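Down below is the structure, laid out as structure tokens.
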Amino acid sequence: MEHQQNPGQRNPLPFMKMHGLGNDFVVIDSRRTGVLPEAATVTAIANRHCGVGFDQLAVILPGENADARLVFFNSDGSLSAACGNATRCVARFLMDETGASALRLATDHAVLLAEDAGGRLTRVNMGAPVLDWAGIPLAEDVDTLHLPIPGDPVATGMGNPHMTFFVPDAAAVDLERFGPEHEHHPVYPQRTNVEVVQVVSSDEITLRIWERGTGITLASGSCSCAAVVAAARRGLTGRRVRVNVPGGMLEIDWREGGVWMTGPTAHVFDGVWRG
1 MEHQQNPGQR
11 NPLPFMKMHG
21 LGNDFVVIDS
31 RRTGVLPEAA
41 TVTAIANRHC
51 GVGFDQLAVI
61 LPGENADARL
71 VFFNSDGSLS
81 AACGNATRCV
91 ARFLMDETGA
101 SALRLATDHA
111 VLLAEDAGGR
121 LTRVNMGAPV
131 LDWAGIPLAE
141 DVDTLHLPIP
151 GDPVATGMGN
161 PHMTFFVPDA
171 AAVDLERFGP
181 EHEHHPVYPQ
191 RTNVEVVQVV
201 SSDEITLRIW
211 ERGTGITLAS
221 GSCSCAAVVA
231 AARRGLTGRR
241 VRVNVPGGML
251 EIDWREGGVW
261 MTGPTAHVFD
271 GVWRG
């Protein structure tokens, strides 16, 4: 049964450090205990100077009608229903542990299918994108393909909200200013991830990312999925696209059954939190 960690507790907390293309995670395996850390513990671990540092923290819990359940925290201690690269990292860990080539992982967004894509690559179906304003969610009924915001962004839901801008040169955008300016836009009641996209060709884009509750990241699975969905809806690309992020390359394939994401993962080290 899930419960919150006692704030006075100082029991050692084992964890794993993982990343997908530099999008880095602390992963806590709580399948035996069902324990979720408190927000204060999450933010302490997230501190890159006094803690471990991460973009998101993922907790592995026992799954009902799934191989495991995943709960995600942003570095500011807030919850996120989806985290694509962390899902791939945990899927690879569980596949290596069990020898399975396919898994079902429950999240607050949906039950996600994960597969061994060969060559140590891991593929996850992030589910169907949410395209209606209420489901994303937005604060009012607006055209999600052309938001009434300067820059003409696209709104998409991938278990978390996204705002995608298409720009001539992604590297020229001052993301330190642009990201937080739009993360808190009033049309997004739950805040939003912000993507700036430069279309390279019909099957390739370059992406820079501002993640809600985290900031600039080297990669993001859900942001990559949202960017491809937005580009395909606009007719700028097809549905199978290579996504160049600062940390490397992901392949996104928007199929009838959902948005599949394929890429590498890394299990960097194991540690024990004693904070």
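With full-length UniProt numbering, the residue at position 68 of the sequence shown is 68, and numbering never jumps.
We put the beta carbon where it would ideally sit given N, CA and C, even for glycine.
None of these values were measured; they are calculated from a predicted model.
Next on the checklist: Could you check whether residue 163 and residue 184 sit closer than 8 Å to each other, using their CB atoms as the reference points?
Outcome noted: Mapped onto the sequence shown, residue 184 falls at position 184. Mapped onto the sequence shown, residue 163 falls at position 163. Going by C-beta atoms, residue 184 is not nearer than 8 Å to residue 163.
Checklist entry - Exposed or buried, residue 140, counting other C-beta atoms within 10 Å across all chains shown (16 or more means buried)? => result Taking the sequence shown and counting its residues from 1, one reaches residue 140 at position 140. Residue 140 comes out exposed.
Checklist entry - With 16 other CB atoms within 10 Å as the buried threshold, where does residue 30 fall? => result In the sequence shown, residue 30 corresponds to position 30, counting from 1. The residue is buried, with at least 16 neighbouring Cβ atoms inside 10 Å.
Checklist entry - Residues in its own chain within less than 6 Å of residue 147 by CB, not counting five upstream and five downstream? => result Against the sequence shown, residue 147 aligns to sequence position 147. So the qualifying residues of the chain are 153, 155.
Checklist entry - If we call anything under 8 Å between Cβ atoms a contact, is residue 61 one with residue 68? => result Reading the sequence shown from its first residue, position 61 is the one you call residue 61. Reading the sequence shown from its first residue, position 68 is the one you call residue 68. Yes, the pair counts as a contact, with Cβ atoms nearer than the cut-off.
Item to check | Separation of residue 111 from residue 218, as counted between CA atoms | outcome: For this step, residue 218 is matched to residue 218 along the sequence shown. For this step, residue 111 is matched to residue 111 along the sequence shown. C-alpha separation (whole angstroms): 26 Å.
Item to check | According to DSSP, residues forming a beta bridge with residue 195 | outcome: The residue given as residue 195 occupies position 195 in the sequence shown. BP columns for residue 195 point to 164, 209.
Checklist entry - Where does residue 182 fall in DSSP's three states? => result Indexing the sequence shown from 1 puts residue 182 at position 182. Three-state result, residue 182: helix.
Next on the checklist: Whole angstroms are fine: how far does the CA of residue 104 sit from the CA of residue 13?
Outcome noted: For the purposes of this step, residue 13 is taken as residue 13 along the sequence shown, with counting starting at 1. For the purposes of this step, residue 104 is taken as residue 104 along the sequence shown, with counting starting at 1. Straight-line Cα distance between these residues: approximately 26 Å.
Checklist entry - In chain order, which continuous runs of the beta strand (DSSP E) of length 3 or greater are located wholly inside the segment 58-143? => result With a minimum length of 3 residues, the continuous beta strand (DSSP E) runs that stay inside the segment 58-143 are 68-74, 102-106, 111-118, 121-125.
Next on the checklist: So, at 6 Å on beta carbons, what are the nonlocal neighbours of residue 51 in its own chain, with the 5 sequence-adjacent residues on each side left out?
Outcome noted: Locating residue 51 in the sequence shown gives position 51, counting from the first residue. 44, 45, listed in sequence order.
Item to check | Beta-carbon contacts of residue 127 that lie in its chain and below 6 Å, excluding the five residues immediately before and after | outcome: Here residue 127 refers to the residue found at position 127 when the sequence shown is read from its first residue. Same-chain partners within the cutoff: 110, 258.
Checklist entry - What's the gap between the Cα of residue 171 and the Cα of residue 24? => result The sequence position of residue 171 within the sequence shown is 171, counting from 1. The sequence position of residue 24 within the sequence shown is 24, counting from 1. Rounded to the nearest angstrom, the two C-alpha atoms are 22 Å apart.
Checklist entry - By how many angstroms is the C-alpha of residue 212 removed from the C-alpha of residue 78? => result Taking the first residue of the sequence shown as position 1, residue 78 is located at position 78. Taking the first residue of the sequence shown as position 1, residue 212 is located at position 212. For residue 78 and residue 212, the distance between alpha carbons rounds to 9 Å.
Next on the checklist: On a Cα-Cα basis, can you pick out the residue from 179, 262, 142, 149 that is closest to residue 195?
Outcome noted: Within the sequence shown, residue 195 is the residue found at index 195, counting from 1. Distances from the CA of residue 195 to each of 179, 262, 142, 149 were compared; the closest alpha carbon is that of 179.
Next on the checklist: If the criterion is Cβ atoms closer than 8 Å, does the pair residue 202 and residue 85 meet it?
Outcome noted: Taking the sequence shown and counting its residues from 1, one reaches residue 202 at position 202. Taking the sequence shown and counting its residues from 1, one reaches residue 85 at position 85. Going by C-beta atoms, residue 202 is not nearer than 8 Å to residue 85.
Next on the checklist: Let's test the definition: count the other Cβ atoms within 10 Å of the Cβ of residue 49 and tell me whether it reaches 16, buried, or not, exposed.
Outcome noted: Here residue 49 refers to the residue found at position 49 when the sequence shown is read from its first residue. Classification for residue 49: exposed.
Checklist entry - From residue 27 to residue 64, what distance separates their C-alpha atoms? => result In the sequence shown, residue 27 corresponds to position 27, counting from 1. In the sequence shown, residue 64 corresponds to position 64, counting from 1. Between the alpha carbons of residue 27 and residue 64 lies a distance of about 20 Å.
Checklist entry - Whose C-beta lies closer than 7 Å to the C-beta of residue 199 among residues of the same chain, with five residues either side of it excluded? => result For the purposes of this step, residue 199 is identified with residue 199 of the sequence shown, where counting begins at 1. Within the same chain, residue 199 has close Cβ partners 166, 205, 231, 236, 237.
Next on the checklist: Assuming residue 258 is part of the beta strand (DSSP E), what are its boundary residues?
Outcome noted: The residue given as residue 258 occupies position 258 in the sequence shown. Start and end: 258-264.
Next on the checklist: The beta strand (DSSP E) that contains residue 242, what's its start and end?
Outcome noted: As a first step, residue 242 must be located in the sequence shown, where it is residue number 242. In the DSSP assignment, residue 242 falls within the unbroken beta strand (DSSP E) covering 240-245.
Item to check | Pairwise C-alpha distance: residue 133 and residue 262 | outcome: In the sequence shown, the residue the question calls residue 262 occupies position 262. In the sequence shown, the residue the question calls residue 133 occupies position 133. Roughly 28 Å between the two C-alpha positions.
Item to check | Reduced DSSP category for residue 170 - H, G, I as helix; E, B as strand; rest coil | outcome: Along the sequence shown, read from residue 1 onward, the residue named residue 170 stands at position 170. Helix.
Item to check | residue 91 to residue 118 span [Cα, whole Å] | outcome: Here residue 91 refers to the residue found at position 91 when the sequence shown is read from its first residue. Here residue 118 refers to the residue found at position 118 when the sequence shown is read from its first residue. Take the alpha-carbon of residue 91 and the one of residue 118: they are about 13 Å apart.
Next on the checklist: Can you give me the C-alpha to C-alpha distance between residue 191 and residue 138, rounded to a whole angstrom?
Outcome noted: The sequence position of residue 191 within the sequence shown is 191, counting from 1. The sequence position of residue 138 within the sequence shown is 138, counting from 1. Each residue's Cα considered, the two are about 9 Å apart.
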